[in-house]
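In order, the protein sequence lines correspond to chains A and B. Heads up, the first sequence is in numbering that gives the first Met the number 0, so the first residue is 0 and it goes up one at a time. Heads up, the second sequence is in numbering that gives the first Met the number 0, so the first residue is 0 and it goes up one at a time. By construction, the Cβ of each residue, glycine as well, lies at the ideal position given by its N, Cα and C atoms. Keep in mind the model is a prediction, meaning the values are calculated, not measured. Notes to accompany the following structure.
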Amino acid sequence: MSIFSLTGRHMRRATGFGHRLAIVAVTLMGLLALTFFIGRVMPLDPVLSIVGSDADQSTYQQVYHQLGLDKPMYMQFAYYLRDLLHGDLGRAMLTGNAVTADIARVFPATIELATIAILFGTFVGVPLGVFAATRRGRLGDQVVRVISLCGYSVPVFWFGMMGLIIFYAWLDWAGGAGRIDLAFDGLVQSRTGLLLIDAALAGEWEVFHSALKHITLPACILGLHSMAYIARMTRSFMLTQLSQEYIITARVKGLSELQVVWNHAFRNILVQLLTIVALAYGSLLEGAVLIETVFAWPGFGSYLTGGLLLGDMNAVMGCVLLIGIIFVTLNLIADALYQVFDPRTR
Amino acid sequence: MKVPYLLATCALSISLIGMPLQAKTPTDQLIIGMSMNNLLSLDPAGATGNDVVEVNANMYDSLVELDPADTYKILPGLAESWTVAADNRSITFKIRKGVKFHSGNPLTAEDAAWSLQRVLKLNLALASVWKSYGFSAANVEQSIRATDAETLVLTLPEPTDPKLVIYTLGTSVGAMVLDRKKVLANEKDGDMGKAWLTTNEAGSGPFALNEWRQKDVLLMSRNESYWRPQAKLKRVVLRHMTESQTLRLMLERGDIDVANGMSVPDVEAMKKNPNVGIEAVKRGNVYYVAVSAKDVKFADKRVRLAIRNLIDYDGINKTVMPNYGLYHQRPVQMGLPATLPNPGYKLDVPAARKLLTEAGFPNGFKTTIRVLSDPPFINIATSLQATLALGGIEASVIPGTGNQVYGAMRDRSFEIIVGRGGGGAEPHPHSSLRSLVYNPDNRDEAKLTNFQGWRTSFISPEINALIEKAEVEQDEKKQTAMYQEIQKLYEQQVGAIQPVSQMVDTVVLQKDIRNFHSHPASTTRWREVYKQR
């Protein structure tokens, strides 16, 4: 009996896994098809980006043919999928490199920036949200709400410029543009692509310090938006929980306010918070184009935007595929963590 | 106890982050902040845009160079000397002995011939100018050849002015000499090293490429065995920065030495800074208003003349163009002996209205202006939109990227365009006229997309014939007179491209930088640059 029930459970799990996998595959395929066809009807000519606007027609036609643009659109897509199944995302016009190599080069810079940003956003945003909820309508709550509103509504570009003027130009606390001072460029061998980790592994503490000085400001500014969002959502979730009857019961039982808030109310919003943080992290990984522009950060967002502006569809498709995979993976992780934190969902 | 501990931790963190690291750029390095968005390939044959020209001019050598202070002055480069045949149909170059590439391979005339042949065989972006002189993939092995290791002979397939060809050798990055052996060692599927040269170099110039991380940083170090006196700087670093304010802050802080592509408001603000200098260099291109003569309205000379009268030249040049361009109305670049003085076109609404009425448009008409969404293009278009309205012409502005605007122009599917062009790298009237005016075949199927004259569908057999005649005229005085005649004819016939301003490029640099001379053809060389500290 137990063997049968075990097999049945495994079967159910296998079916569920297969079902999810199919959804993921269909989602990614849909995303690729849509991006491919939008890319092809965009009024941007990748050939002109390569040959320049003064090239003669024979040069133009030669590159047009080399890029395969003379073939029907469905055939171009079929070739793309064929190469994709062989792990080949094509060659980026933007750089002349394989798209996979380019993504491997630019993505770590974004991961590093986004991870510090989300850590900042979460570790500042969550306590602020809880603080505001426990002081509803009072001065503390109003202050947090104003901070959240600013973080949410003031353009990140403006924050970036102001941050540079104040912390870089005036106070000399932050590094300028780029990931590191140029004097240190090339001193540390890239192992993970994450400069802080690579520098620490190599024991190059001056390089580490320079990288830290460069990343702190853009990461904090980038994290401000997430912080505002997370604080607002935390406040809202907490307010809902704090008005529940079990909270009154806990207080009647004589538990301290800290225990009531953190052990009871906060624990019940963890699942929702996870989704919020995961999606916010996904958005950051997608590329913070404006921050990357202001801080000359050689990241994913800047690469994707450059590709889009040039009509470099191999680069764009590779990036879109990666973004799709990130979001699908984060959703799957959030789903899995739901089951850990909320037994009702198992 | 907890709060002071927390404050102390915060203070320590801030002070650690705030430790000053690098106040000034190193004395032996040049740090340039610039946008690398258009730096797509380092292959000299496929180079488009000014940025890659500047980079390649420092990693490669050319046969000759044009003096940045006086571009008529042709200076020897890899070619020690050259002679033009009496019939003007061939040029013989004597190649310098003892020059070595970065790889250590010796540089010979075979390398020079192969490099030029490669441009035409691969038919990449820079083949266009050579094709206009009659060179082709089919004839290039006969017309460009090394007779021995030190002699290169260029036989001109069609009659042309040899001086023009020499100017092109000094300005076109496609004429840089490549290390044939090294390139061929990296050839794939008969691509003549095209894929490899996209991200690598095979030059003999004063600097060698260390690393290029696209849209991030490009590092070059001094070529220690350079045949000229060694470069004064040990390293040149180009950092990708697109935001003008960031460039400005980094320049003010002394973290970069040179800023390229700074916005005009920032350049204006930097003029007040005593620690920086501003260098403006005139380029050969012009900003223009172009109409399509394919459009029935603009096919009428009176309508084109009306448009010429509806441009506020003074207003545009005084308010929009400072640091972008200089007042100029001729299709030949300013400053050449053949360039006529500006005709003094002015905004004249009554005259324009009269012409429109005569042309059958007493109430004006509707049209579109395609324009790049960046300054100063969009500002010129906005001004034009307002002045056209004074003449009764209702124009809607369609902003776009360069790709979209010039793509439409190449397809001949536009009405009015505010753009920039005109070749002009060579200090020769033909360079501007070939690009802006010449149109030897006006049929759509001719697809002469590299000629902006063709793109506008404006054709004047008389002007075409005169351009061809002037190009081969050996008597300099007669040639100058012909070019002046062309400008007068263009004025009378109301050409479809009306120049408004001649392009100026502005570079902002630290005051302690010496010998940084921006070149009008973008071949700015850094080998003499140093810092006076």
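C-beta contact flag for residue i and residue j at 8 Å
i: Pro426 (chain B); j: Thr70 (chain B); result: yes
i: Arg234 (chain B); j: Asp60 (chain B); result: no
i: Leu112 (chain A); j: Ala287 (chain A); result: yes
i: Phe364 (chain B); j: Gly202 (chain B); result: no
i: Asn316 (chain B); j: Val172 (chain B); result: no
i: Leu30 (chain A); j: Gly317 (chain A); result: no
i: Val493 (chain B); j: Lys300 (chain B); result: yes
i: Asp263 (chain B); j: Pro374 (chain B); result: The sequence shown places Val at residue 263 (chain B), rather than the Asp named in the question. Yes, Cβ-Cβ distance for Val263 (chain B) and Pro374 (chain B) is below 8 Å.
i: Phe515 (chain B); j: Val257 (chain B); result: yes
i: Lys181 (chain B); j: Ser80 (chain B); result: no
i: Ser517 (chain B); j: Gly324 (chain B); result: no
i: Asn104 (chain B); j: Asp178 (chain B); result: yes
i: Asn36 (chain B); j: Gly305 (chain A); result: yes
Three-state secondary structure assigned by DSSP to residue i
i: Val331 (chain B); result: coil
i: Phe364 (chain B); result: coil
i: Thr114 (chain A); result: helix
i: Lys270 (chain B); result: coil
i: Ile179 (chain A); result: coil
i: Gly45 (chain B); result: helix
i: Thr191 (chain A); result: coil
i: Ile397 (chain B); result: strand
i: Met481 (chain B); result: helix
i: Ala337 (chain B); result: coil
i: Ser517 (chain B); result: coil
i: Tyr132 (chain B); result: coil
i: Ser372 (chain B); result: coil
i: Asn313 (chain A); result: helix
i: Lys468 (chain B); result: helix
i: Met74 (chain A); result: helix
i: Gly185 (chain A); result: coil
i: Ala287 (chain A); result: coil
i: Arg37 (chain B); result: Residue 37 (chain B) is actually Asn in this sequence, not Arg. The answer is coil: DSSP assigns Asn37 (chain B) none of H, G, I, E or B.
i: Gly32 (chain B); result: strand
i: Pro297 (chain A); result: coil
i: Val257 (chain B); result: strand
i: Leu20 (chain B); result: For Leu20 (chain B), the pLDDT reaches just 41, beneath the cut-off of 50, and the residue's location in the model is therefore unreliable, although a value from the coordinates is still provided. Coil, per DSSP.
i: Leu5 (chain B); result: The predicted position of Leu5 (chain B) is uncertain, since its pLDDT is 46 and thus under 50; no value can be drawn from it.
Whole-number beta carbon distance between residue j and residue i, since they are thought to touch under 8 Å
i: Ala314 (chain A); j: Ala124 (chain B); result: At roughly 20 Å, the Cβ-Cβ gap does not stay under 8 Å, so Ala314 (chain A) and Ala124 (chain B) are not in contact.
i: Arg238 (chain B); j: Gly32 (chain B); result: 5 Å
i: Pro158 (chain B); j: Arg526 (chain B); result: Their Cβ separation, rounded to whole angstroms, is 37 Å, which puts Pro158 (chain B) and Arg526 (chain B) out of contact at 8 Å.
i: Leu208 (chain B); j: Met320 (chain B); result: 36 Å between Cβ atoms; not a contact.
i: Ile268 (chain A); j: Met237 (chain A); result: 6 Å
i: Ala292 (chain B); j: Thr455 (chain B); result: 6 Å
i: Ala351 (chain B); j: Ala305 (chain B); result: 4 Å
i: Pro217 (chain A); j: Ile325 (chain A); result: Pro217 (chain A) to Ile325 (chain A), Cβ: 20 Å. No contact.
i: Ile94 (chain B); j: Ala68 (chain B); result: Wrong, their Cβ atoms sit about 26 Å apart, outside the cutoff.
i: Leu193 (chain A); j: Ile247 (chain A); result: Not a contact, Cβ separation roughly 47 Å.
Partners in chain E for residue i, counting only beta-carbon separations shorter than 7 Å
i: Asp44 (chain A); result: Note that chain E does not occur in the displayed structure, where the protein chains are A and B.
Contact test: residue i Cβ vs the ligand PLP heavy atom, cutoff 7 Å
i: Ile143 (chain B); result: What this structure holds is no ligand at all, so the ligand PLP is not there to describe.
- request: For the segment 404 to 463 of chain B, list the beta strand (DSSP E) runs that are entirely contained and at least 3 residues long, ordered along the chain.
  value: 415 to 420
message: If we require 3 or more residues per run, which beta strand (DSSP E) segments fall completely within the segment 194 to 238 of chain B?
response: 206 to 212 and 216 to 221
- prompt: Could you give the uninterrupted runs of the alpha helix (DSSP H) lying entirely in the segment 76 to 107 of chain B, keeping only those of 4 residues or more?
  reply: none
- prompt: With contact counted as at least three CB pairs below 8 Å, one residue from each stretch, are the segment 267 to 282 of chain B and the segment 245 to 254 of chain B in contact?
  reply: yes
query: Enumerated in chain order, which unbroken segments of the beta strand (DSSP E) with a length of 3 residues or greater are wholly contained in the segment 134 to 198 of chain B?
result: 143 to 147 and 150 to 154
task: Count the CB pairs spanning the segment 412 to 432 of chain B and the segment 279 to 298 of chain B that are closer than 8 Å, and state whether there are at least three.
output: yes
field: Minimum length 4: unbroken alpha helix (DSSP H) runs contained in the segment 210 to 256 of chain A
entry: 244 to 251
message: Quick check on the DSSP output: what are the complete alpha helix (DSSP H) runs of length 4 or more inside the segment 27 to 53 of chain A, in order along the chain?
response: 45 to 50
query: Per the contact definition of three or more C-beta pairs closer than 8 Å, is the segment 182 to 192 of chain B in contact with the segment 150 to 170 of chain B?
result: no
task: Assess, as a yes-or-no matter, whether the segment 236 to 245 of chain A is touched by the segment 296 to 307 of chain A under the definition of 3 or more beta carbon pairs within less than 8 Å.
output: no
Three or more C-beta pairs below 8 Å linking the segment 405 to 412 of chain B and the segment 44 to 64 of chain A: yes
message: Under 8 Å, with one C-beta from each stretch per pair, do the segment 180 to 195 of chain A and the segment 254 to 268 of chain A reach the 3-pair mark?
response: no
Cβ pair count under 8 Å reaching 3, the segment 390 to 399 of chain B against the segment 364 to 381 of chain B: yes
Secondary structure, beta strand (DSSP E): runs of 3+ residues fully inside the segment 281 to 328 of chain B: 324 to 326
query: Is there contact here, the segment 117 to 137 of chain B with the segment 34 to 45 of chain B, by at least three beta-carbon pairs under 8 Å?
result: yes
- prompt: For the 8 Å Cβ check, are there 3 or more pairs between the segment 370 to 385 of chain B and the segment 7 to 23 of chain A?
  reply: no
task: Could you say if the segment 427 to 446 of chain B and the segment 323 to 341 of chain B meet the contact criterion of at least three C-beta pairs nearer than 8 Å?
output: yes
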